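Below you'll find the structure, written out as structure tokens, and then a few comments.
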Amino acid sequence: MAQARSRQDSGDGGRTERIRLYLGAWSAVSVVQFFAAEAATIAQWAGPAPYSRRLGFISDLGQVSCGLHGTREICSPLHALMDVSFVLQGIGMVIAALLLTSPVLRVAAEWPAVLAERRLTAALMRTTPSPASHARVAVPRLATLAVRLLLGAAGIGVAVVGLFPQDSVEAVHLAGATAYFLGGSCALVVLGLLWLRRTAAAWPVLLLGATALTSTLVGGALQMRVPEPGTLERLMGYPVTIGIALVGAVLAWRLGVPARAARALARARA
């Protein structure tokens with residue numbers, strides 16, 4: 002019995018769980034496809050003036066029709082590529098929110114810590130927990146739940162951006178963009194705080210989230226009426242995409258630690 006428990010604790014959580022967690026982690030990493038789609042769409046821009054990342058909005062690249070939008074002359078022949086990219090980005094984020102479990106997110110996929118969290122939860126369920134023990138589990142659990150909800154909301158938001166380009170139903174488009182900027186940045190800030198003392202990646206995640214959140218609040222307060230609205234919008238959006246991909250990469254790498262250790266041990270014994 003003890004040996005079986007030891008093998009279970011030293012393993013990677015079972016094949017089914019491992020596949021699910023890997024799929025969630027790599028779904029988060031997949032959001033970086035946005036940058037390739039954006040670069041390709043910009044390269045085919047057909048407006049009267051070259052597209053500028055400093056002055057042009059990201060949503061201009063997904064506008065279906067050519068013509069004026071506000072004061073901007075827009076013509077994006079590869080708008081379908083950009084809109085599909087938004088939708089795929091959203092799907093990746095929603096999958097990550099659904100498949101990455103709270104214990105794995107809470108401890109940055111450090112597997113011994115995941116197992117310790119499980120044992121603690123099981124012990125608390127068998128006994129009447131003290132207020133301190135209850136808080137030790139409940140507060141991080143609620144924070145991780147918030148991360149998953151925010152990540153899912155941000156994913157739905159950016160998918161809406163692709164499904165409703167700015168020249169279709171602009172109010173819905175703007176609501177989706179707001180959900181992405183706010184939900185994604187807040188998710189990164191909370192997760193970065195949870196990861197402090199867990200991984201060195203906590204600080205980049207926290208910094209990216211804080212940058213996006215601050216830029217979003219500034220953009221909202223000024224209604225994007227700044228000399229370089231494209232720059233400001235990219236400070237709102239790029240850190241979210243980079244941060245989510247970084248989170249996925251860290252989780253994927255750490256989830257593979259037990260399997261890599263087992264393979265190394267097998268080679269040493271061979």
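Residue 159 in the numbering used here is what sits at position 158 of the sequence shown, and the numbering runs on without skipping anything. Virtual Cβ for every residue (Gly too), placed ideally from N, Cα, C. Since we're looking at a predicted model, the values are computed, not measured.
Exercise. If you drop the 5 nearest sequence neighbours on each side, which residues of the same chain put their C-beta closer than 8 angstroms to that of proline 166?
Worked result: Taken in chain order, the residues that qualify are Ser60, Gly63, Gln64, Val65, His80, Asp84, His174.
Exercise. How should serine 31 be labelled, buried or exposed, when 16 other C-beta atoms within 10 angstroms of its C-beta is the threshold for buried?
Worked result: The residue is buried, with at least 16 neighbouring Cβ atoms inside 10 Å.
Exercise. Quick one: any contact between the segment 46-57 and the segment 82-98, if contact means 3 or more CB pairs under 8 angstroms?
Worked result: Verdict: no, contact absent.
Exercise. If we ignore side chains and look at the alpha-carbon of each, how far apart do arginine 226 and threonine 217 end up?
Worked result: If you draw a straight line from the Cα of arginine 226 to the Cα of threonine 217, it is about 13 angstroms long.
Problem set entry | Distance, arginine 268 Cα to aspartate 10 Cα | Note that aspartate 10 has pLDDT 44, beneath the 50 cutoff, so the model's placement of it is unreliable and the number below is only indicative. Cα to Cα, aspartate 10 sits roughly 21 angstroms from arginine 268.
For this session: Can you check DSSP and say which residues form a bridge with alanine 75?
Result: For clarity, residue 75 is isoleucine in the given sequence; the question names alanine instead. Answer is Gly68.
Problem set entry | Enclosing alpha helix (DSSP H) for isoleucine 96 [first to last residue] | In this chain, the alpha helix (DSSP H) harbouring isoleucine 96 covers 80-100.
Exercise. For arginine 107, does the count of other Cβ atoms within 10 angstroms reach 16, so buried, or fall short, so exposed?
Worked result: Under the 10 Å beta carbon count, arginine 107 is surrounded by 16 or more other beta carbons and is classified as buried.
Problem set entry | proline 205: first and last residue of the uninterrupted alpha helix (DSSP H) it sits in | Start and end: 203-223.
For this session: Report the residue from Gly210, Asp168, Ala265 whose alpha carbon sits nearest the alpha carbon of glycine 71.
Result: For glycine 71, the nearest C-alpha among the options comes from Asp168.
Problem set entry | Short Cβ contact (9 angstroms threshold) for valine 191 with alanine 29 | No, the Cβ-Cβ distance between valine 191 and alanine 29 is not below 9 angstroms.
Problem set entry | Where proline 51 sits in the DSSP three-state scheme | If DSSP states are grouped into helix, strand and coil, proline 51 belongs with coil.
Exercise. So, is glutamate 39 buried or exposed, given that buried needs 16 or more other C-beta atoms within 10 angstroms?
Worked result: Around the beta carbon of glutamate 39, 16 or more other beta carbons lie within 10 angstroms, which makes this residue buried.
For this session: Give me the Cα-Cα distance between glycine 239 and alanine 271, rounded to the nearest whole angstrom.
Result: Residue 239 is actually tyrosine in this sequence, not glycine. If I take the Cα positions, the gap works out to 47 angstroms.
Exercise. Buried or exposed: which applies to arginine 16, given that a residue is buried once 16 or more other Cβ atoms fall within 10 Å of its Cβ?
Worked result: With fewer than 16 other Cβ atoms within 10 Å, it is exposed.
Problem set entry | glutamine 34, DSSP secondary structure in three states | Shown here, glutamine 34 sits in a helix according to DSSP, grouped into three states.
Problem set entry | Cα-Cα separation, serine 77 to arginine 149 | Computed Cα separation, rounded: 34 angstroms.
For this session: Assign arginine 199 to one of three DSSP states: helix, strand, or coil.
Result: Arginine 199 falls in the coil class under three-state DSSP.
Problem set entry | Three-way DSSP call (helix, strand, coil) for proline 1 in this model | An answer regarding residue 1 cannot be provided, because it is not within the stretch 2 to 271 covered by the chain.
Exercise. Alpha helix (DSSP H) containing glycine 238: first to last residue?
Worked result: For glycine 238, the enclosing alpha helix (DSSP H) starts and ends at 230-256.
Exercise. Rounded C-beta distance between leucine 164 and valine 88? I'm assuming under 8 angstroms.
Worked result: Their Cβ separation, rounded to whole angstroms, is 6 angstroms, which keeps leucine 164 and valine 88 in contact under 8 angstroms.
For this session: With arginine 107 as the anchor, note down where its alpha helix (DSSP H) starts and where it stops.
Result: Judged by DSSP secondary structure, arginine 107 falls within the alpha helix (DSSP H) whose first and last residues are 103-107.
Exercise. For the putative contact between valine 159 and glutamine 90, defined by C-beta atoms under 8 angstroms, what is the C-beta separation to the nearest angstrom?
Worked result: With a Cβ gap of about 5 angstroms, valine 159 and glutamine 90 count as contacting.
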